[in-house]
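>
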Amino acid sequence: MSGGSARSLGKGSAPPGPVPEGLIRVYSMRFCPYAQRTRLVLTAKGIRHEVININLKNKPEWFFKKNPSGLVPVLETSQGQLICESAITCEYLDEAYPGKKLLPGDPYEKACQKMVLESFSKVPPLILKILRTQNKEDCSGLKEELHKEITKLEEVLTDKKTTFFGGNSLSMIDYLIWPWFERLEALELNECVDHAPTLKLWMAAMKKDPTVSSLLTDVKTFQGFFNLYLQNNPEAYDYGL
Amino acid sequence: MYCKGACSGNIGCDLPPGAQAAVVGSSFLERVGNPPARWVGSPKGLCAQISFQRPGSAGPCAHSPGRADGCPSLALLRKIGEARPTSWLNFKLHWELGLCCAAMSGGTVRSLGKGSAPPGPVPEGLIRVYSMRFCPYAKRTLLVLRAKGIRHEVININLKNKPEWFFKKNPLGLVPVLETSLGQLIYESAITCEYLDEAYPGKKLLPGDPYEKACQKMVFESFSKVPPLILKILRTQNKEDCSGLKEELHKEITKLEEVLTDKKTTFFGGNSLSMIDYLIWPWFERLEALELNECVDHAPTLKLWMAAMKKDPTVSSLLTDVKTFQGFFNLYLQNNPEAYDYGL
Numbered sequence: 001m002s003g004g005s006a007r008s009l010g011k012g013s014a015p016p017g018p019v020p021e022g023l024i025r026v027y028s029m030r031f032c033p034y035a036q037r038t039r040l041v042l043t044a045k046g047i048r049h050e051v052i053n054i055n056l057k058n059k060p061e062w063f064f065k066k067n068p069s070g071l072v073p074v075l076e077t078s079q080g081q082l083i084c085e086s087a088i089t090c091e092y093l094d095e096a097y098p099g100k101k102l103l104p105g106d107p108y109e110k111a112c113q114k115m116v117l118e119s120f121s122k123v124p125p126l127i128l129k130i131l132r133t134q135n136k137e138d139c140s141g142l143k144e145e146l147h148k149e150i151t152k153l154e155e156v157l158t159d160k161k162t163t164f165f166g167g168n169s170l171s172m173i174d175y176l177i178w179p180w181f182e183r184l185e186a187l188e189l190n191e192c193v194d195h196a197p198t199l200k201l202w203m204a205a206m207k208k209d210p211t212v213s214s215l216l217t218d219v220k221t222f223q224g225f226f227n228l229y230l231q232n233n234p235e236a237y238d239y240g241l
Numbered sequence: 001m002y003c004k005g006a007c008s009g010n011i012g013c014d015l016p017p018g019a020q021a022a023v024v025g026s027s028f029l030e031r032v033g034n035p036p037a038r039w040v041g042s043p044k045g046l047c048a049q050i051s052f053q054r055p056g057s058a059g060p061c062a063h064s065p066g067r068a069d070g071c072p073s074l075a076l077l078r079k080i081g082e083a084r085p086t087s088w089l090n091f092k093l094h095w096e097l098g099l100c101c102a103a104m105s106g107g108t109v110r111s112l113g114k115g116s117a118p119p120g121p122v123p124e125g126l127i128r129v130y131s132m133r134f135c136p137y138a139k140r141t142l143l144v145l146r147a148k149g150i151r152h153e154v155i156n157i158n159l160k161n162k163p164e165w166f167f168k169k170n171p172l173g174l175v176p177v178l179e180t181s182l183g184q185l186i187y188e189s190a191i192t193c194e195y196l197d198e199a200y201p202g203k204k205l206l207p208g209d210p211y212e213k214a215c216q217k218m219v220f221e222s223f224s225k226v227p228p229l230i231l232k233i234l235r236t237q238n239k240e241d242c243s244g245l246k247e248e249l250h251k252e253i254t255k256l257e258e259v260l261t262d263k264k265t266t267f268f269g270g271n272s273l274s275m276i277d278y279l280i281w282p283w284f285e286r287l288e289a290l291e292l293n294e295c296v297d298h299a300p301t302l303k304l305w306m307a308a309m310k311k312d313p314t315v316s317s318l319l320t321d322v323k324t325f326q327g328f329f330n331l332y333l334q335n336n337p338e339a340y341d342y343g344l
């Protein structure tokens with residue numbers, strides 16, 4: 001269920017069969033932060049699922065029938081329904097499956113979580129740019145921008161006076177933003193949270209959550225992936241297997 | 001004429017049901033007689049709430065886009081009364097024309113700018129939207145408010161001359177923003193729309209089924225390149241760049257045409273209008289004024305959708321005409337703060 005040991009499927013691979021009843025399938029990639037959102041929610045809610053990893057540098061032709069944009073994550077149900085876009089998959093899972101609700105029932109509280117997600121939205125593309133930028137000058141400009149965005153989030157959490165972004169228990173918004181904070185150390189960006197003590201406490205609390213810790217990837221594995229990824233090497237996606 | 005309270009009470013009207021508004025008086029009925037039978041009990045005109053009720057007691061229902069000005073429907077009734085209509089048809093024509101004018105200007109409230117006094121708290125039973133008459137994002141929120149019959153007041157913001165207090169409502173300084181009577185603030189247009197659908201009773205615009213809801217959100221995602229493209233086209237003077245952008249827009253519109261054709265339904269959420277249609281409509285509304293109708297030339301299903309949308313009472317009551325849009329766009333491109341009150 002952790003999907004950590006499945007080699008990725010690439011061009012020429014046979015299309016997978018239908019999803020067995022009682023199961024939901026997620027098309028994923030072991031190091032994709034967006035797909036990690038979906039896997040966090042699947043795990044947190046105890047949803048029976050299977051993972052098919054996709055080689056994103058060598059995509060199977062059949063994968064574009066699952067998502068015309070060719071991106072992960074994608075959910076496929078046993079009825080053949082397909083859901084794309086990480087945030088949409090997470091909300092779908094929370095609504096369609098029983099158990100603990102990760103999104104609040106109150107419309108205003110739910111809207112607050114979505115507003116936090118919106119103010120987080122500049123972080124993923126920034127972090128991707130930083131990863132891809134070799135030039136030290138450009139990099140320091142980007143790091144300053146990231147520092148600003150992180151300060152915004154620090155203020156949000158400090159104003160709330162709670163441990164997590166949705167209150168005193170972990171909820172959807174925490175899972176949605178976690179994957180990028182998980183990668184800060186491997187990207188040598190820990191300095192960006194230096195002036196964010198509330199966020200640092202939040203990160204520590206997140207690492208103690210059973211769901212988060214069961215899906216943690218260690219720094220060396222991330223760095224192995226990043227190295228091969230930056231060289232456009234298709235073997236990046238199966239690094240460590 | 002008096003207000004029968006025919007609406008659910010969620011419209012922004014401070015007349016209690018059954019209250020009398022001595023507009024034309026009982027002599028009107030004596031002079032003019034009863035409304036035609038076929039008008040009785042069915043919605044007429046641009047306002048979906050109008051219904052001519054039982055003969056002798058008919059009255060249009062108030063539908064107030066801007067509470068600050070009182071009820072424009074009542075004001076209109078008074079004006080019509082002064083003109084002493086001689087027949088129901090005469091009355092109906094004046095009524096519809098009057099509503100048309102009110103709807104086209106998108107409300108009559110002048111925008112607030114720097115130095116304006118911050119508005120007081122939102123009265124109970126009402127929700128406030130900070131808006132701008134020509135903002136397509138804010139239009140989404142106005143469409144949902146009206147579609148669900150939610151009592152609301154509109155405060156328009158001068159976006160080239162923002163009041164300092166407005167940044168306390170939304171640190172980003174953008175419209176739309178919702179403010180409740182509890183002082184809760186909600187911004188980002190799609191978030192405001194979903195909030196309204198969940199927090200208020202009445203017809204649900206989003207489907208209850210999680211998969212159907214996810215489908216609406218996926219359509220919304222595939223629409224997402226259109227707004228920034230259209231803004232770029234508006235701002236681009238250079239003909240070469242413009243034609244490149246128009247080609248990109250054509251591609252995006254083709255994607256949506258395929259989505260709708262595959263669904264085999266009139267609207268993007270099925271055979272009735274729902275949230276996704278309201279969320280994408282404002283940009284299609286502006287195509288004609290931006291001389292971009294060509295971009296839907298090869299999209300017959302979308303064209304049918306646009307025609308069906310214009311027939312929807314909510315959409316048509318909030319339509320802005322081409323000339324008014326163009327007047328706004330001209331001033332907007334000159335960075336003229338008067339753009340935001342164009343036509344008032």
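Those protein sequence lines, which keep their order, are chains A and B. Under UniProt numbering, residues 1 to 241 are what the first sequence spells out, in order. Under UniProt numbering, residues 1 to 344 are what the second sequence spells out, in order. We treat Cβ as the ideally placed atom computed from N, Cα and C, and that holds for glycine. Since the model is a prediction, treat every value here as computed from it, not as a measurement.
Determine, using beta carbons only, whether residue 2 (chain A) comes closer than 8 Å to chain B.
With a pLDDT of 45 at residue 2 (chain A), under the threshold of 50, the modelled position of this residue cannot be trusted; read the value that follows with caution. So, not an interface residue.
> Expressed to the nearest angstrom, what Euclidean distance is found between the alpha-carbon atoms of residue 190 (chain A) and residue 55 (chain A)?
Distance between the alpha carbons of residue 190 (chain A) and residue 55 (chain A) is about 29 Å.
> For residue 6 (chain A) and residue 52 (chain A), what's the separation of their Cα atoms in angstroms?
Roughly 7 Å separates the two Cα atoms.
> Write down every uninterrupted run of the alpha helix (DSSP H) in the region 142 to 218 of chain A whose length is 4 residues or greater and which is fully enclosed by it, in chain order.
Complete alpha helix (DSSP H) runs here, min 4: 172 to 182, 197 to 208 and 210 to 214.
> Going along the chain, which residues of its own chain have a beta-carbon closer than 6 Å to the beta-carbon of residue 103 (chain A), five neighbours each way excluded?
The answer, listed in chain order, is 94, 110 and 172.
> If we define contact as Cβ-Cβ less than 8 Å, is residue 32 (chain A) a contact residue for chain B?
Not an interface residue.
> Flag this pair as touching only if the region 163 to 170 of chain B and the region 206 to 225 of chain B have three or more C-beta atom pairs under 8 Å; answer yes or no.
In short, these stretches do not touch, since the Cβ pair count stays below three.
> Find the residues of chain A that neighbour residue 184 (chain B), judging by a C-beta separation of less than 8 Å, and give them in chain order.
Chain A residues near residue 184 (chain B): 108.
> DSSP has residue 128 (chain B) in a bridge; who is on the other side?
Note: residue 128 (chain B) sits in a beta bridge opposite B:153 and B:179.
> Within 8 Å of any Cβ in chain A, is that where the Cβ of residue 191 (chain B) sits?
By this cut-off, residue 191 (chain B) is an interface position.
> Using a C-beta cutoff of 8 Å, does residue 111 (chain A) count as contacting chain B?
True, the Cβ-Cβ gap to chain B drops below 8 Å.
> Go ahead and pull the three-state DSSP assignment for residue 274 (chain B).
Looking at residue 274 (chain B) - three-state DSSP - the assignment turns out to be coil, as it is neither helix nor strand.
> According to DSSP, what are the bridge partners of residue 84 (chain A)?
Looking at the DSSP assignment, residue 84 (chain A) forms a beta bridge with A:74.
> Determine the closest residue to residue 204 (chain A) out of A:74, A:30, A:170 and A:131, with distance taken between C-alpha atoms.
Measuring from the Cα of residue 204 (chain A), the nearest candidate turns out to be A:170.
> Scan the region 147 to 178 of chain B for residues whose Cβ lies nearer than 8 Å to a Cβ of chain A and list them as they occur along the chain.
Here the close residues number zero.
> Helix, strand or coil: how does DSSP classify residue 57 (chain B) here?
In this prediction, residue 57 (chain B) scores a pLDDT of 34, lower than 50, which makes its location untrustworthy; no coordinate-derived value is stated.
> Flag residue 217 (chain B) as yes if its beta-carbon sits less than 8 Å from any beta-carbon of chain A, otherwise no.
Cβ-Cβ to chain A under 8 Å: yes for residue 217 (chain B).
> Using the beta-carbon count (16 or more within 10 Å), is residue 64 (chain A) buried or exposed?
Residue 64 (chain A) is exposed by the Cβ-count criterion.
> Would you mind working out which of A:154, A:221 and A:29 sits nearest residue 186 (chain A), comparing C-alpha positions?
Of the listed residues, the one whose Cα sits closest to residue 186 (chain A) is A:221.
> Assign residue 19 (chain A) to one of three DSSP states: helix, strand, or coil.
Note: residue 19 (chain A) maps to coil in three-state DSSP.
> Tell me whether the beta-carbon of residue 129 (chain B) lies closer than 8 Å to the beta-carbon of residue 152 (chain B).
Going by C-beta atoms, residue 129 (chain B) is nearer than 8 Å to residue 152 (chain B).
> Mind checking which residues open and close the alpha helix (DSSP H) that includes residue 291 (chain B)?
Careful: residue 291 (chain B) lies outside any alpha helix (DSSP H) and carries neither H nor E.
> Does DSSP classify residue 319 (chain B) as helix, strand or coil?
Residue 319 (chain B): coil per DSSP, three-state reduction.
> Let me make sure I understand the geometry here. Which of A:210, A:216, A:10 and A:177 has the alpha-carbon closest to that of residue 199 (chain A)?
If we check each option's Cα against that of residue 199 (chain A), A:177 comes out closest.
> Mind checking residue 274 (chain B): buried by the 16 CB within 10 Å criterion, or exposed?
With 16 or more other Cβ atoms within 10 Å, it is buried.
> Run through DSSP, which three-state label would residue 298 (chain B) get?
Looking at residue 298 (chain B) - three-state DSSP - the assignment turns out to be coil, as it is neither helix nor strand.
> Give the residues of chain B in contact with residue 85 (chain A), contact being defined as C-beta atoms less than 9 Å apart.
In chain order: 214, 217, 218 and 221.
> Would you kindly work out how many angstroms separate the C-alpha atoms of residue 146 (chain B) and residue 116 (chain B), rounded to a whole number?
Approximately 27 Å, taken between the alpha carbons.
> So, is residue 112 (chain B) buried or exposed, given that buried needs 16 or more other C-beta atoms within 10 angstroms?
Buried, by the Cβ-count rule.
> By a C-beta neighbour count over all protein chains shown, 10 Å radius and 16 as the cutoff for buried, is residue 202 (chain A) buried or exposed?
That one is buried.
> Hey, residue 182 (chain A) and residue 157 (chain A): beta-carbon distance below 8 Å or not?
In this structure, residue 157 (chain A) does not lie closer than 8 Å to residue 182 (chain A) by Cβ.
> What are the residues that DSSP puts in a beta bridge with residue 112 (chain B)?
B:157.
> Excluding the 5 residues preceding and the 5 following residue 49 (chain A) in the sequence, name in chain order all residues of the same chain whose CB lies nearer than 7 Å to its CB.
For residue 49 (chain A), where only same-chain residues beyond five positions count, the Cβ hits under 7 Å are 1, 23, 24, 25, 26 and 42.
> What whole-angstrom Cβ distance do residue 115 (chain A) and residue 188 (chain B) have, given they're in contact under 8 Å?
About 6 Å separates the two Cβ atoms, so the contact holds.
> For residue 267 (chain B), which three-state DSSP category applies?
Strand.
> For residue 309 (chain B), which residues of its own chain have a beta-carbon under 6 Å away from its beta-carbon, when the five flanking residues on both sides are left out?
Answer for residue 309 (chain B): 281 and 315, listed in chain order.
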